[in-house]
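Under full-length UniProt numbering, the first residue of the sequence shown is numbered 1, with each subsequent residue one higher. Accompanying notes for the structure given below.
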Amino acid sequence: MVVLDVQPINAVAPGGPLAVLDVQPINAIAPPRQPPPPPATDRELPRCVRKHFLPALGLRADLPVHFIAEKTVTSTDVDAHQNRFRIPLDGVERCLRAILTPAELHAANLLHDMAPRKRTKKMKENVNAEEEGANKKMKEPKKKGKVHGGLRVRLVDLAAGAKELQMSRWDSSRATVVKGEGYLDFVRRCSFREGDVVEVWAFLQRHVRIFGVDVQRGDGVLHVLVVKKNQPRCCYCPIIPHAQ
């Protein structure tokens, strides 16, 4: 939607000719944001996330944590040639986009809906192989596509902690991925492995300042938490199990 500055150039008497209007756009308004998704009632965070993990990251323990999707870790998520973690498309469209600002969506190449590409037979085979977690080794690295940059994010694992990376949607496949320098080294320290079923959660703490007073501190960085199902504890938990 565009807000217009409408001003008459010349005034006329009643019954006279119509006035000529000088119409100029004042500002362009970004597409309306969807409301944040409701909490997932059938999903439960590990207890240690709020008790130990969020405070250790310098975040509020009562911070809203949004369930994004469940997926099986594929060979491409831990492959040196791919060097990225893919977030399921339905979770991005249903939940992740709703918690980001227009500027953040733009940085992640998620602001505008992309028309589905007509898939060739080869593209379908590649997607099916990834979704099934096929254990196939790549003969050669994939050709590099368009560089998107990305939104600054932290990939978070209960065992390895947090690593600052980037999130972006690729034009070619419409896949939303977390990637960046140091991704592979970090993933090798994470608790999940190829074939594990994981849950993807997201949270962020924004900086709020009212009348010059900081009422809530936060850097606004999106955290993408990958939790292996039934993972009992995080790296900040006390050694004694019952202390969780």
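In this text, a Cβ means the ideal position worked out from N, Cα and C, and glycines have one as well. Note that the structure is a prediction, hence the values are computed from the model and not measured.
Terminal residues of the beta strand (DSSP E) in which residue i lies
{"i": "L222", "result": "L222 to K228"}
{"i": "A103", "result": "Segment P102 to A107 is the alpha helix (DSSP H) holding A103; no beta strand (DSSP E) there."}
{"i": "V187", "result": "First-last for V187: Y183 to R189, but that is the alpha helix (DSSP H), not the beta strand (DSSP E)."}
{"i": "K163", "result": "G161 to R169"}
Alpha carbon of residue i to alpha carbon of residue j, nearest angstrom
{"i": "P64", "j": "R206", "result": "11 Å"}
{"i": "P88", "j": "A160", "result": "22 Å"}
{"i": "L184", "j": "V178", "result": "11 Å"}
{"i": "V78", "j": "L155", "result": "14 Å"}
{"i": "H106", "j": "Q166", "result": "13 Å"}
{"i": "D90", "j": "V49", "result": "24 Å"}
{"i": "D157", "j": "S172", "result": "28 Å"}
{"i": "V197", "j": "S191", "result": "11 Å"}
{"i": "I68", "j": "C95", "result": "6 Å"}
{"i": "P102", "j": "A108", "result": "10 Å"}
{"i": "F83", "j": "E181", "result": "The amino acid at residue 83 is misidentified as Phe; the sequence shows Asn. Taking the straight line joining both Cα atoms gives about 9 Å."}
{"i": "F85", "j": "D62", "result": "27 Å"}
{"i": "K71", "j": "E44", "result": "16 Å"}
{"i": "F186", "j": "F53", "result": "17 Å"}
{"i": "residue 249", "j": "H66", "result": "Here the chain has residues from 1 to 244 only, and residue 249 is not among them."}
{"i": "R188", "j": "A80", "result": "10 Å"}
{"i": "D42", "j": "K51", "result": "20 Å"}
{"i": "I210", "j": "E164", "result": "28 Å"}
{"i": "T176", "j": "R97", "result": "11 Å"}
{"i": "K229", "j": "H112", "result": "32 Å"}
{"i": "G149", "j": "T76", "result": "20 Å"}
Cβ separation of residue i and residue j, assumed to be a contact under 8 Å, to the nearest whole Å
{"i": "E199", "j": "T74", "result": "Their Cβ separation, rounded to whole angstroms, is 15 Å, which puts E199 and T74 out of contact at 8 Å."}
{"i": "L151", "j": "E104", "result": "6 Å"}
{"i": "residue 303", "j": "L110", "result": "A question about residue 303 goes unanswered here, because the residues of the chain that appear run from 1 up to 244."}
{"i": "V221", "j": "L204", "result": "6 Å"}
{"i": "P46", "j": "Q231", "result": "6 Å"}
{"i": "V224", "j": "V153", "result": "6 Å"}
Pair within 9 Å by beta-carbon distance, residue i and residue j
{"i": "A162", "j": "I99", "result": "no"}
Three-state secondary structure (DSSP) of residue i
{"i": "R152", "result": "strand"}
{"i": "A56", "result": "helix"}
{"i": "R174", "result": "coil"}
{"i": "E44", "result": "coil"}
{"i": "Q231", "result": "coil"}
{"i": "E199", "result": "strand"}
{"i": "R86", "result": "strand"}
{"i": "T72", "result": "strand"}
{"i": "E92", "result": "The identity of residue 92 in the sequence shown is Val, whereas the question assumes Glu. Correct three-state label for V92: helix."}
{"i": "D77", "result": "helix"}
{"i": "V49", "result": "helix"}
{"i": "L111", "result": "coil"}
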